[in-house]
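Report on the structure given below.
In our numbering, the protein residues as written are -13 to 432.
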């Protein structure tokens, strides 16, 4: 008994967090889908993010604003109110649902006092990514995003004042505190030059990763196996679906961003065709631009796929808004023209089969499933097969020798049935995804 009490006393309690959201009277420039995310829904998601990061949310507030206050983001009176609540509730960290400028963060911390950290949604998501990056590639991507976020915030004495306190977080996932944990926490005194140099080094390493991943994709293409990428809002059930279809044992949890690193498995379709199914990082509204940039190599798994499976948690009250956030991210990474199947997951959580039918009617090209129970999976596999067949067009081309890029494109993205070489060029017969056919039209043989 005494030993157990001693162990318990060594475990620090979770930090207390207070959340701050804004309801905009008018749509501010660059606002992200404001009509789809009422403050209560966005703050509910922010609370889940905080919980995933190991924080104990003890309160929240919303202010209606026309525009951000240049100094403190929220108004002067609301800032004082939040400071008072932080003292009353013994809050360790105040988290804003919108991205703060360096000045906002600096001014807010001056008001709240040295014992209260200030974070925004971006910093919180970066913190979660630092916890969940288990591969070298994932760690590099998160480190890059963190440094690019920190760099503009390295201003005079604030460099050591704020970032040193942020670095007091739970490095490696211990229970001490939160705040941009992970790589670089022992180097927060580096000056701008040193950080820029490290950013350059990381980008070089990630280019090597990108080249390595490209070689793997080329090898997969040479095998002739179509590639299907799972995309979707975080916690929509992508990893559960990958496990259900492939028999893989990818880690899953009822958390936001439970998995970051892409996983690829072989899956056989009803007609015997074997596909490569790749799970990718989940999307989220207000996805930090730093992450989109840093995860370029990973997101190429999406842009290079033959078909996208957009997994939607159809039981979520904001399923449509989450779907729109995913569509926006696909546009941002220029993957919005790829063939896409909407996969309405978690129908086992719906009150009735009719609810699934209503959801199907609202979203075109959809299949309703439950990855957990297996319901609808045969229909999903059949739909993938149908889309693959419809998207591949037969074409015969004679490519001149100076268009080696198109020969490589055919090898990487198509299925080659016959290839011969002559003095006139490279003769290829085979099939290509429909959206690539136009690149070879000038060399088509009829």
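Backbone N, C-alpha and C define an ideal beta-carbon position, used for all residues, glycine too. These numbers were taken from a predicted model, which means no experiment stands behind them.
7 Å Cβ shell around residue 365 - same chain, five flanking residues per side excluded
For the purposes of this step, residue 365 is identified with residue 379 of the chain shown, where counting begins at 1. Here the set comprises 353.
Could you tell me the alpha carbon to alpha carbon distance between residue 271 and residue 305, rounded to whole angstroms?
Locating residue 271 in the chain shown gives position 285, where the first residue counts as 1. Locating residue 305 in the chain shown gives position 319, where the first residue counts as 1. Each residue's Cα considered, the two are about 12 Å apart.
Can you tell me where the beta strand (DSSP E) with residue 407 in it begins and where it stops?
Working through the chain shown from its first residue, we reach residue 407 at position 421. Start and end: 401 to 408.
Grab the span of the alpha helix (DSSP H) containing residue 134 for me, first residue to last.
Counting from 1 along the chain shown, the entry for residue 134 is found at position 148. Start and end: 122 to 136.
At least three beta-carbon pairs within less than 8 Å, the stretch 307 to 325 to the stretch 110 to 125:
no
Give me, in chain order, the residues of the same chain whose beta-carbon lies closer than 6 Å to that of residue 40; leave out the 5 immediate sequence neighbours on both sides.
Within the chain shown, numbered from 1, the residue matching residue 40 stands at position 54. Answer for residue 40: 0, listed in chain order.
Judging by CA-CA distance, which residue of 261, 223 and 130 is the nearest neighbour of residue 298?
The residue you call residue 298 lines up with position 312 of the chain shown. For residue 298, the closest of 261, 223 and 130 by C-alpha to C-alpha distance is 223.
So residue 82 is in the beta strand (DSSP E); what residue range does that whole segment cover?
Here residue 82 refers to the residue found at position 96 when the chain shown is read from its first residue. That run of the beta strand (DSSP E) goes 79 to 82.
So, do the stretch 77 to 93 and the stretch 102 to 113 have three or more beta carbon pairs nearer to each other than 8 Å?
yes
Using the rule of at least 16 other Cβ atoms within 10 Å of the residue's Cβ for burial, across every protein chain shown, is residue 387 buried or exposed?
Here residue 387 corresponds to residue number 401 of the chain shown, with the count starting at 1. Burial call: exposed.
For residue 135 and residue 56, I'd like the C-alpha separation in whole angstroms.
Position 149 of the chain shown, counted from the first residue, corresponds to residue 135. Position 70 of the chain shown, counted from the first residue, corresponds to residue 56. Between the alpha carbons of residue 135 and residue 56 lies a gap of roughly 19 Å.
Spell out a yes or no on whether the stretch 387 to 398 and the stretch 328 to 338 are touching, meaning 3 or more CB-CB pairs, one atom from each, closer than 8 Å.
no
Spatially closest choice to residue 128 from 277, 178, 196 and 68, by CA coordinates:
On the chain shown, position 142 is the one that residue 128 refers to. Ranking the options by Cα distance to residue 128, first place goes to 277.
Could you check which residue in 382, 215 and 72 has the C-alpha nearest to that of residue 94?
Within the chain shown, residue 94 is the residue found at index 108, counting from 1. Ranking 382, 215 and 72 by Cα distance to residue 94 puts 72 first.
Buried versus exposed call for residue 232 [16 or more other C-beta atoms within 10 Å across all chains shown]:
Walking along the chain shown from the start, residue 232 turns up at place 246. Residue 232 is buried by the Cβ-count criterion.
If you drop the 5 nearest sequence neighbours on each side, which residues of the same chain put their C-beta closer than 6 Å to that of residue 65?
Along the chain shown, read from residue 1 onward, the residue named residue 65 stands at position 79. Once the five neighbours on either side are set aside, the close Cβ partners of residue 65 are 58 and 97.
Limits of the unbroken alpha helix (DSSP H) element including residue 63:
For this step, residue 63 is matched to residue 77 along the chain shown. From DSSP, the alpha helix (DSSP H) with residue 63 extends over 62 to 74.
Just checking my contact of residue 369 with residue 319 at CB under 8 Å: how many whole Å lie between their CB atoms?
For this step, residue 369 is matched to residue 383 along the chain shown. For this step, residue 319 is matched to residue 333 along the chain shown. Their Cβ separation, rounded to whole angstroms, is 24 Å, which puts residue 369 and residue 319 out of contact at 8 Å.
Nearest candidate by alpha-carbon position, reference residue 363, set 53, 74, 187 and 227
Here the question's residue 363 lines up with position 377 in the chain shown. If we check each option's Cα against that of residue 363, 227 comes out closest.
Could you pull out every residue in the same chain whose Cβ sits closer than 7 Å to the Cβ of residue 21, ignoring the five residues on either side in sequence?
Taking the first residue of the chain shown as 1, we reach residue 21 at position 35. Legend: pLDDT at residue 21 = 45, less than 50; position of this residue unreliable, no value from coordinates given.
Can you list, in chain order, the residues of its chain with a C-beta nearer than 8 Å to that of residue 421? Leave out the 5 residues immediately preceding and following it.
Residue mapping note: residue 421 aligns to position 435 of the chain shown, counting from 1. These residues qualify, in order along the chain: 323, 324, 325 and 377.
Would you grab the beta carbon distance between residue 268 and residue 219 for me? Rounded to a whole angstrom, and I think it's under 8 Å.
For the purposes of this step, residue 268 is taken as residue 282 along the chain shown, with counting starting at 1. For the purposes of this step, residue 219 is taken as residue 233 along the chain shown, with counting starting at 1. Right, the Cβ-Cβ distance comes to about 6 Å (below 8 Å), so this counts as a contact.
If distances are taken between C-alpha atoms only, which option among 288, 10 and 300 comes closest to residue 316?
Taking the first residue of the chain shown as position 1, residue 316 is located at position 330. Closest by alpha carbon: 288.
Using alpha carbons as the reference points, say which of 249, 416, 42 and 410 lies closest to residue 515.
Nothing in the structure corresponds to residue 515, since the chain is present only between -13 and 432.
Between which two residues does the beta strand (DSSP E) holding residue 354 run?
To locate residue 354, count along the chain shown from 1; it is residue 368. Here the beta strand (DSSP E) through residue 354 covers 352 to 354.
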